[in-house]
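According to the numbering used here, the residues represented by the sequence shown are 652 to 1237, in order. This report refers to the structure that appears directly beneath it.
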Amino acid sequence: MKEILQQIKEVVVEGFKACDYDEKYGMVSLSNRPDLCQFQCNGAMAAAKEYKKAPIAIANEVVEKLAGNAMFSKCEACPPGFININLSDEFIASFVSGMADDTERFGVDKVASPKKIMIDYGGPNVAKPLHVGHLRSAIIGESIKRTARFMGDEVIGDVHLGDWGLQMGLIITELKLRKPELVYFDENYDGEYPTEAPFTISELEEIYPCASGKSKEDEAYKEAAMTATYELQHGRKGYQALLSHILNVSVSDLKRNYEKLDVTFDLWKGESDAQPYIPDMVQKMKDDGFAYISEGALVVDVKEDTDTKEVPPCMILKSDGASLYNTTDLATMVWRMKDYNPDSIVYVVDKRQELYFTQVFRCAKKTGIVPESTNLYFVGFGTMNGKDGKPFKTRQGGVMRLEYLLSEVEEKMLEKIKENGTMNDEDADNTAKIVGLSAVKYGDLSNQASKDYIFDIDRFTSSEGNTGPYILYTIVRCKSILAKAGVSTSDGAILPAHSESERGLQLELTKFMAALNSAYEDMAPHKICAYIYDLANAFNKFYHDTKILAEEDEAVKASYLKLLCLTKDVLEKAIDLLGFKAPERM
Ligand code: ARG
């Protein structure tokens, strides 16, 4: 369906044209004085300059041409030259009826030319527990992915594991110290390696911080870890066998965690998958004259004349020939282009890596790894802070693990559900999980991604205010009324509004398309949140003002129920795009 603003604009443009004014003056926007009107056109003010007339005279002429149009209940010129517009209730009702009849998409058209998009999100580091720093990438990336998919794009999500660094050497070194008898350390061993990993995930998670701690205090230990990393990266068989164990154990644990978050990836590629592409890539950069040696390191210049801040060269190889985070990201682009040839690649990463990605993107374009036609986007997100305004920590001051955070939120929800006391234990547990996830995800997504925000468990789990549970509460309310009425979907049309609050709800529903389109175009899930919060408020106002089930006029009652159904469906579609679900009861 055509967006409502677009439909209004087309009519207003005709009005301007009929008076021989340029159509560019027919722009319409939502009113910034909802008390006066629903929509407004300010074009007469701008046109006044070009046509050397009083704005109000122009506005009056245009309004005269628009008079009698069935789309409007009001279209009037107001000094100094505004055109204030209200839609007729009939027009609004037929628009929302059209949305309701489109039971899959509620009027939202797919994009005219779908694109192939790769999203790099999650970015967990193998063998290190998933912590809240990775939470934002997963939550935001998942929502961007679902939204683009709904709009018709082909989207490929890649987790881009951090599986290629010193952390591997550290684990190997510590393991060697603890279990030197393992065959992986015997350089002369040339049999098959065991299929069973020599550690569990809990051991692995204890080994890494232990090794990392030791390496900070013990030079020789650090040296050993670096050597192990080097040997691993240069093909030492026993170490590579250990790497696959580390990967297997970690990845199954990660999958379990992401499942709890309802986040899924199409690809489980990692930094290590990019390594085979490095030698040829580096050679080509040298051959093409882009890469040169500076202070021993191999670099590519990426500064541009218009830079206001210094953008240092992109380092490709360190002076000892070792590759870096940059090298891996560039080589990852090599296989992404070769295997998938996407129209764009989107990186959902902590905003502190912005300069780094500026360098990498410029280098990729300059050296031709990524063609001009492929867009590279950086979606940088801010830090999740605790109530003290500092990065979120456990009560003991340690890094908060994602699982603990989730269970803390679930417990809080469970307490609240038990207070209401109407559910058996099993239902209460399940509901707490569903609602808890909404609290965490909505709490995150309702903020503009680039901003820092405060993780406030009491506020996020509250069923009042701009929260996930409030949205779910509204959906559950719709479901329960529909169940009482014995309808799930209803036939017939939505009638013109019978009250101010019903008009408000219908009008809010008309804005769904615009909200989704702009969330999609700007890769901004917070715009979906802002929309559904307004919609939920409009619905609850209507609900408090209206006797729905007791309505005696059957046609009016049916229309209410259909409106309710549409509200529920739009809210459920929206939260699905945000990455969570609603329970049946709360
Ligand atoms: N593993 C990285 C980290 O924990 C994030 C990876 C982001 N993606 C990328 N292509 N560099 O910081």
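For glycine and all other residues, C-beta sits at the position ideal for the given N, C-alpha and C. Note that the structure is a prediction, hence the values are computed from the model and not measured.
Quiz item: Which of the three DSSP states, helix, strand or coil, is assigned to residue 605?
Solution: As shown, the chain starts at 652 and ends at 1237. That puts residue 605 outside it, with no answer to give.
Practice problem: Helix, strand or coil for residue 1099, going by three-state DSSP, please let me know. | Solution: Note: residue 1099 maps to coil in three-state DSSP.
Quiz item: Taking the beta strand (DSSP E) that residue 999 falls in, what are its first and last residues?
Solution: 995–1001
Exercise. Could you name the residues of the same chain whose beta carbon sits closer than 6 angstroms to that of residue 767, not counting the 5 residues immediately before and after it, in chain order?
Key: 805, 993, 994
Exercise. List the whole-angstrom C-beta distance separating residue 1187 from residue 1121, where the pair is believed to meet the contact cut-off of C-beta under 8 angstroms.
Key: 6 angstroms
Practice problem: Tell me whether residue 731 sits in a helix, a strand or coil according to DSSP, three-state version. | Solution: coil
Practice problem: Please list, in chain order, all residues with a C-beta atom less than 6 angstroms from at least one heavy atom of ligand 1. | Solution: 771, 774, 776, 811, 813, 980, 998, 1000
Quiz item: Enumerated in chain order, which unbroken segments of the beta strand (DSSP E) with a length of 3 residues or greater are wholly contained in the stretch 971–1036?
Solution: Counting whole runs of 3 or more residues, the stretch 971–1036 contains the beta strand (DSSP E) stretches 995–1001, 1026–1032.
Quiz item: Do residue 1189 and residue 1179 come within 7 angstroms of each other at the CB atom, strictly closer than that value?
Solution: no
Quiz item: So, do the stretch 892–907 and the stretch 924–933 have three or more beta carbon pairs nearer to each other than 8 angstroms?
Solution: no
Quiz item: In its own chain, which residues sit with a C-beta less than 8 angstroms from the C-beta of residue 1044, not counting the 5 before and 5 after it?
Solution: So the list reads 1037, 1050, 1051, once near-sequence residues are dropped.
Quiz item: Would you report the Cα separation of residue 725 and residue 653, rounded to the nearest angstrom?
Solution: 21 angstroms
Self-check item: Continuous alpha helix (DSSP H) assignments of at least 4 residues falling wholly in the stretch 806–885
Solution: Qualifying alpha helix (DSSP H) stretches, in chain order: 817–829, 852–868, 870–884.
Quiz item: Under the three-state reduction of DSSP, which class applies to residue 706: helix, strand or coil?
Solution: helix
Exercise. Kindly indicate the opening and closing residues of the beta strand (DSSP E) around residue 966.
Key: Boundaries of the beta strand (DSSP E) around residue 966: 965–968.
Quiz item: Since residue 699 and residue 711 are thought to touch, with beta carbons under 8 angstroms apart, how far apart are those beta carbons, to the nearest angstrom?
Solution: The pair is not a contact, with the Cβ atoms about 12 angstroms apart (cut-off 8 angstroms).
Quiz item: Using DSSP with H/G/I as helix, E/B as strand and the rest coil, what is residue 1090?
Solution: helix
Quiz item: When DSSP builds the beta bridges, which residues end up paired with residue 771?
Solution: Residue 771 pairs with 809, 998.
Practice problem: Answer with buried or exposed for residue 951, where buried requires no fewer than 16 other C-beta atoms within 10 angstroms of its C-beta. | Solution: buried
Quiz prompt | residue 928 versus residue 973: straight-line alpha-carbon distance, rounded | solution = For residue 928 and residue 973, the distance between alpha carbons rounds to 14 angstroms.
Exercise. Within its chain, find whatever has a CB closer than 7 angstroms to the CB of residue 1166; leave out the 5 residues flanking it on each side and keep chain order.
Key: 1178, 1179, 1182
Exercise. Assign residue 1188 to one of three DSSP states: helix, strand, or coil.
Key: Note: residue 1188 maps to helix in three-state DSSP.
Quiz item: Would residue 837 be called buried (16 or more neighbouring beta carbons within 10 Å of its own) or exposed?
Solution: The C-beta of residue 837 has fewer than 16 other C-beta atoms within 10 Å across all chains shown, which makes the residue exposed.
Self-check item: Cβ pair count under 8 angstroms reaching 3, the stretch 1206–1218 against the stretch 1066–1085
Solution: Flag = no, the stretch 1206–1218 and the stretch 1066–1085 do not touch.
Exercise. Evaluate residue 762 with the Cβ neighbour count: other Cβ atoms within 10 Å of its Cβ, from every protein chain shown; 16 or more gives buried, anything less gives exposed.
Key: exposed
Quiz prompt | Coarse secondary structure for residue 1042, derived from DSSP in three states | solution = In the structure shown, residue 1042 sits in a strand (DSSP, three-state: E or B).
Self-check item: Contacting residues, own chain, Cβ-Cβ under 8 angstroms from residue 782 (five flanking each side not counted)
Solution: 1050, 1051, 1052, 1053
Exercise. Could you say if the stretch 1015–1028 and the stretch 1079–1092 meet the contact criterion of at least three C-beta pairs nearer than 8 angstroms?
Key: no
Self-check item: Extent of the continuous beta strand (DSSP E) run through residue 944
Solution: 942–945
Quiz item: Taking contact to mean at least 3 C-beta pairs separated by less than 8 angstroms, is the stretch 867–882 in contact with the stretch 816–826?
Solution: Contact annotation: the stretch 867–882 touches the stretch 816–826, with at least three C-beta pairs closer than 8 angstroms.
Quiz item: How would you call residue 940, buried or exposed, if buried means at least 16 neighbouring beta carbons within 10 angstroms?
Solution: Exposed is the label assigned to residue 940, since fewer than 16 other Cβ atoms lie within 10 Å of its Cβ.
Exercise. Give the C-beta separation of residue 894 and residue 807 to the nearest angstrom, bearing in mind that I take them to be a contact with Cβ-Cβ under 8 angstroms.
Key: Not quite, the Cβ-Cβ distance comes to about 25 angstroms (not below 8 angstroms), so this is no contact.
Self-check item: Collapsed DSSP secondary structure at residue 691 in the structure displayed
Solution: If DSSP states are grouped into helix, strand and coil, residue 691 belongs with the strands.
Quiz item: When you compare only the Cα positions, how much space is there between residue 916 and residue 991?
Solution: 15 angstroms
Quiz prompt | Cut-off 7 angstroms between Cβ atoms - residues of its own chain near residue 980, not counting five sequence neighbours on either side | solution = 1011
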